[in-house]
Structure formats: structure tokens, C-alpha cells
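Student: Have a look at this one.
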Amino acid sequence: MAGGGPGRLASHPSTDRDGGRTERGSGTIGGTISAESGAHGARPPLRRNKDFNVFWLGQALSVLGGSVSLLALPLLVLDATGSLVQMGLVTVISGATAIGTGVFAGYVVDRVDRRRLMIACDLVRAVLLGAVPLVWWAAGPQVWLLYALTALVAVLKTLFDVAYVTAIPNLVRTQDLTAANGRLMGTFALGSLLGPVVAGLLTAAAGADRALAVDGATFLISAISLGWVRFTARPARPAGEHADTAGEHADTAGAGVLREMFVVGFRFLWSHPLLRPLTLQLTLLTFVTMGATDLLIYRVRHDLGRDAATLGSVIAVGGAGSVVAALGAGRLRRILGFGTCWLASIAMIAVGVTVTGVSGSVPVIAALSAVFMFGITLGGICTMTLRQEVTPDHLLGRVTSAFWTVHNASGPVGAAVLTMLAARHGVPAVSTAAGALCLLVLAGGLLTPLRGGRVAPGARAESASGIVDHR
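Using the working numbering, the first residue of the sequence shown is number 51, and each one after it goes up by one.
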């Protein structure tokens, strides 16, 4: 959701470095903000940025392949066992492994070459998925292998996703971050819509095991495309900065390693005047939104008695709202600023989750599903870019990992609570309560620095104080 979706942005004036000077704004929270490296400013505009466009096209194909696996892998387990419980175990293993990997993924990403890490993750996934039809042909169905495969792929996906988000600022100018993230999010939305369709066709024509091999081939293409991409060199730490300035510790043994892996990123989130309330708000919203899809499905299928084709149409309309938001996020944030876009996204989520749960009209539900997904996507793009703008490069992996781990942890709990309450009290009552919680989150946002309109033009804060111009 807003953020990364299982999984797991603004245009500004020039931000070239001016000899190490810092800018001081009249509305600055706490002091100063560092200017951006000149290497970023040397990047061409997005439409002429060959490195980003190669990266984007390679990832577009990879996203489509990943969406194929989301359907093909559970189907392969179901075909082999006939058990709904064993099929569901794939989702459990994938989710639990992703959360566990999130604890250390940022630590790894901040300490290695991010491009090489992404290429390695792609190549290993290509080999793992490509081997499935060979094993099925040589030894027959091996369900235990699918569970092991699920866990390994989840680890690699989490590492790749954290590196992917942290690498984007090394591909585009700061003023292009919103548009770049919007394109990538739009590609993800389209892949999520088309992937199940492609998976169904491939599975019907060639089998689920071969569909996984097709996904493996897309990872191979992604790795090749990354080999053609030139990333801007990551900036060195500011001169004279000590490890403990950023909340880091030289001790890397025992508890020191754990601190390096997760606590450093979390501490930055908690000390930052924008990221702290943003993390709290997004945790509450994730509690509501992860279960909102289940409520929608139950409302259309059970309460209103509509068929699967109607439900598919409703979900497709919602996906269209996500695509529209991805395409327009850059312009919206440039005009309205971060604060307005973020709070507006919460309002749209509140209205969407309420109306889709109480309305008896399928067209109305479909339209408000699009509003809901528009809000989810706009909020996700804005929060992603804000982290990229205000976090020092050497901390960005751990901050991203901590951010995802903290707010995503509330999702499964929220989904369980909402569905249990809906079974007892009905979808309309629970949807209304969920919408009210979203409005409380919105009201809370008006009492925080998030209500401000814009983040200052410039790069990332040099310290954990997370300084931004909050005009």
C-alpha cells in the first residue's frame, strides 16, 4: 500500500551543490538542509534520461512476470495437493519471510553496491524459477520444494525491493523523483492488472510450472537491463561526520549488529519531524487498508450476490484509479505540495473504504474503489519520495527497511480483525468504523508538521534531525 506494497515525490527548482553551502529557510524545522550533489543535477530530464528509461522498461517486464508468479505458484501447489490450506501456506511463508528479511535488508543494501545486489537477486530468482519445470519433468511434483522456493524468492524480492527504492535517487534528478516514482508505480499497477490474466492464459496453455519459468525469464531480462544502467556514484558521508552522529555505532558484534540492521533506521524515522508522524499514520492506515479488499470482495460476492465476473470488473476499475494516480502524482505534488497530497489521499481512502462497504450499487462501489486506489497510490508515491528526499544516502536502505517493516506489520492484524468483525456485525458497520478511523488519522495529520504544503528544494538531511524547509 501506501508505501511498498507487499510492498513494499516532487518537482523542485535546481538543487545542484553550491560548494558545500547549506540553505536556511524561514520555515525550517530545526535548522538547515544540505544541497544536492552536482552529480544528480548532471542527469538529463526524465524523458531523455536513458539510464532511467532502460531501468523502467526492464522493471516493467519484471513486474509483469512477478504478477504471473503470484497466481501460478499457489495454483501449482493446489494442483499438486488439492488442499486450500497448503495453498494458503504459500502466502503465509512469503509474508512472514518478507517481514523477517526486512529487519536486515536495509543493512545489506546500505553496505553493498546496490546495482550488483539487484542483478544478483534477479539472476538467482531466474535460476530458481526456471528450474521448477525441469524438476517437475524429472521427478514429478515436489511440494516441499515450492515452499523452500517461496521463502528464498521472498528473501531475494525484499532485498531487491529495498535496493530498488534506494537506487532511484541515483538515477534521476531530485526534481524528477515524483514523476519517476509515479511511472514505476503506474507500471506496477498495470502489471498487477495484466499479470493474473497472463498467468491464467499461460497456465491453461502450458501449465503453472512453465508459467513460473516465464517469470524466471523476465528476471533474467531485468538483470541484463540493469547491466546497461549507469547509476550515479553514491555520495560519501559528510566530512567529519562520526558514526554516532547518524545514530550508528562502531560496534558490529552481537547486539551492535542488530542495532545496525534495524535500530539505526528506526531511530532516524523516530527523530525526523515528518517521518515520525508519517510512520504512525501509515501504520494505522495499513491496519485498515489491507483488510479493505477482503471486505470489498465479501460485499460484492456475498452481500450483493454478484458473480465473479462482476467482482473482477469492480477490481479492474479500482486498478484504473491506481494507474491514473501514478500518472498524475508528479503534477499534483508539484502544484499542491506534499502535505496537501498526503492528507487528500487519507480523505480519499476514508471515503472509499466507507462507501464501498455500505453502498448497494455496484457502479457506485466500482467508482469509489477507484477513488480508494487513487488515494492509496498517491499516498504511496508521496511517502516514498519524501523518504528519498530527506534521508542521507548511507542510511536510506535501513530507513526504507524499517519504515516498511513497522507499518506493514499492522496489515495482517488489521485484516484479521476487520474480517472477524465483519463476519459478526456485517460489512457496512465495519466499513463505517474503518472510515471513521481514517478520518481520525486525517485529523491527527492536521496537528502535525505534515499539514505543511511543501518540502524544501534540496537533497537529503545530513543528520538524523531530518531538517526540511516546511513552507
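From the three backbone atoms N, C-alpha and C, an ideal C-beta is built for every residue, glycine too.
(1) Go ahead and pull the three-state DSSP assignment for residue 412.
(2) So residue 278 is in the alpha helix (DSSP H); what residue range does that whole segment cover?
(3) Compute the Euclidean distance between the alpha carbons of residue 480 and residue 166, then round it to the nearest angstrom.
(4) Taking residue 334 as part of the alpha helix (DSSP H), name the residues at either end of that continuous run.
(5) Just to confirm, are residue 462 and residue 241 a CB contact at a threshold of 8 Å?
(6) Go through its chain and collect everything with a Cβ distance to residue 416's Cβ below 8 Å, but skip five positions before and after it.
(7) Considering only their Cβ atoms, is the gap separating residue 108 from residue 315 smaller than 8 Å?
(8) What's the call for residue 204, buried or exposed, on a 16-neighbour Cβ count within 10 Å?
(9) Since residue 453 is in the alpha helix (DSSP H), which residue starts that stretch and which ends it?
(10) Between the region 462-478 and the region 165-182, can you find at least three pairs of beta-carbon atoms closer than 8 Å?
(11) Might you give, ordered along the chain, the residues of its own chain that have their beta carbon closer than 6 Å to the beta carbon of residue 423, omitting 5 neighbours on each side?
(12) When the Cα of residue 179 is compared with those of 317, 393, 257 and 263, which residue comes out closest?
(13) Less than 8 Å between the CB atoms is what I'm expecting for residue 421 and residue 402, so what's the real figure, rounded?
(14) Return the residue from the list 196, 193 and 449 that minimises the CA-CA distance to residue 319.
(15) Would you kindly report the start and end of the unbroken alpha helix (DSSP H) that includes residue 162?
(16) Please classify residue 495 as buried or exposed, where buried requires at least 16 other C-beta atoms within 10 Å of its C-beta.
(17) Can you name, in chain order, every residue of its own chain whose Cβ lies under 7 Å from the Cβ of residue 405, other than the five neighbours on each side?
(18) In whole angstroms, what is the alpha-carbon distance linking residue 171 and residue 213?
(19) Can you tell me the Cβ-Cβ gap for residue 235 and residue 376, rounded? I've got them flagged as a contact below 8 Å.
(20) Any beta carbon from chain D within less than 8 Å of residue 162's own beta carbon?
(21) To the nearest angstrom, how far is the alpha carbon of residue 333 from that of residue 271?
(22) Just to confirm the assignment, what range does the alpha helix (DSSP H) spanning residue 210 have?
(23) Kindly list the residues whose CB is nearer than 7 Å to the CB of residue 457, restricted to its own chain and excluding five residues on each side of it in sequence; keep chain order.
(24) If I'm right that residue 159 touches residue 209 with Cβ under 8 Å, what's the distance once you round it to whole angstroms?
(25) Using the rule of at least 16 other Cβ atoms within 10 Å of the residue's Cβ for burial, across every protein chain shown, is residue 357 buried or exposed?
(26) Thinking just about the alpha-carbon of each residue, which of 104, 474 and 346 is nearest to the one in residue 281?
(27) For the alpha helix (DSSP H) that contains residue 317, what are its first and last residues?
Tutor: With the structure as the only source:
(1) By one-based count along the sequence shown, residue 412 stands at place 362. If DSSP states are grouped into helix, strand and coil, residue 412 belongs with the helices.
(2) Start at 1 with the first residue of the sequence shown, and residue 278 comes out as number 228. No alpha helix (DSSP H) holds residue 278; DSSP gives it neither H nor E.
(3) Your numbering for residue 480 matches position 430 in the sequence shown. Your numbering for residue 166 matches position 116 in the sequence shown. Distance between the alpha carbons of residue 480 and residue 166 is about 46 Å.
(4) Within the sequence shown, residue 334 is the residue found at index 284, counting from 1. It spans 325-348 - the alpha helix (DSSP H) in which residue 334 sits, taken as one unbroken run.
(5) Start at 1 with the first residue of the sequence shown, and residue 462 comes out as number 412. Start at 1 with the first residue of the sequence shown, and residue 241 comes out as number 191. Contact flag unset, no.
(6) For the purposes of this step, residue 416 is taken as the residue at position 366 of the sequence shown. Within the same chain, residue 416 has close Cβ partners 363, 364, 367 and 368.
(7) As a position in the sequence shown, residue 315 is number 265, starting the count at 1. As a position in the sequence shown, residue 108 is number 58, starting the count at 1. Not closer than 8 Å, so no.
(8) Position 154 of the sequence shown, counting from 1, holds the residue named residue 204. When all chains shown are included, residue 204 counts as buried.
(9) To locate residue 453, count along the sequence shown from 1; it is residue 403. Unbroken alpha helix (DSSP H) run through residue 453: 443-458.
(10) no
(11) One-based indexing of the sequence shown puts residue 423 at position 373. 368, 371 and 372, listed in sequence order.
(12) Looking up residue 179 in the sequence shown gives position 129. Per the Cα distances, 263.
(13) One-based indexing of the sequence shown puts residue 421 at position 371. One-based indexing of the sequence shown puts residue 402 at position 352. 5 Å between Cβ atoms; contact.
(14) Within the sequence shown, numbered from 1, the residue matching residue 319 stands at position 269. Of the candidates 196, 193 and 449, the one whose C-alpha sits nearest the C-alpha of residue 319 is 449.
(15) Your numbering for residue 162 matches position 112 in the sequence shown. Premise fails: residue 162 is in no alpha helix (DSSP H) and is neither H nor E.
(16) Within the sequence shown, residue 495 is the residue found at index 445, counting from 1. Classification of residue 495: buried, given that the 10 Å Cβ count is 16 or more.
(17) Taking the sequence shown and counting its residues from 1, one reaches residue 405 at position 355. If we look at residue 405 and ignore the five residues flanking it on each side, its Cβ neighbours are 414 and 418.
(18) In the sequence shown, residue 171 corresponds to position 121, counting from 1. In the sequence shown, residue 213 corresponds to position 163, counting from 1. Rounded to the nearest angstrom, the two C-alpha atoms are 10 Å apart.
(19) Counted from its first residue, the sequence shown places residue 235 at position 185. Counted from its first residue, the sequence shown places residue 376 at position 326. About 4 Å; that satisfies the 8 Å criterion.
(20) The chain inventory of the structure shown lacks chain D, comprising one protein chain alone.
(21) Locating residue 333 in the sequence shown gives position 283, where the first residue counts as 1. Locating residue 271 in the sequence shown gives position 221, where the first residue counts as 1. For residue 333 and residue 271, the distance between alpha carbons rounds to 35 Å.
(22) Along the sequence shown, read from residue 1 onward, the residue named residue 210 stands at position 160. Looking at the DSSP string, the run of the alpha helix (DSSP H) that includes residue 210 is 193-217.
(23) Reading the sequence shown from its first residue, position 407 is the one you call residue 457. 53, 329, 332, 333 and 336, listed in sequence order.
(24) Indexing the sequence shown from 1 puts residue 159 at position 109. Indexing the sequence shown from 1 puts residue 209 at position 159. Right, the Cβ-Cβ distance comes to about 7 Å (below 8 Å), so this counts as a contact.
(25) The sequence position of residue 357 within the sequence shown is 307, counting from 1. Label assigned to residue 357: exposed.
(26) Here residue 281 refers to the residue found at position 231 when the sequence shown is read from its first residue. Here the closest residue by C-alpha is 104.
(27) Residue mapping note: residue 317 aligns to position 267 of the sequence shown, counting from 1. Segment 314-321, the alpha helix (DSSP H) holding residue 317.
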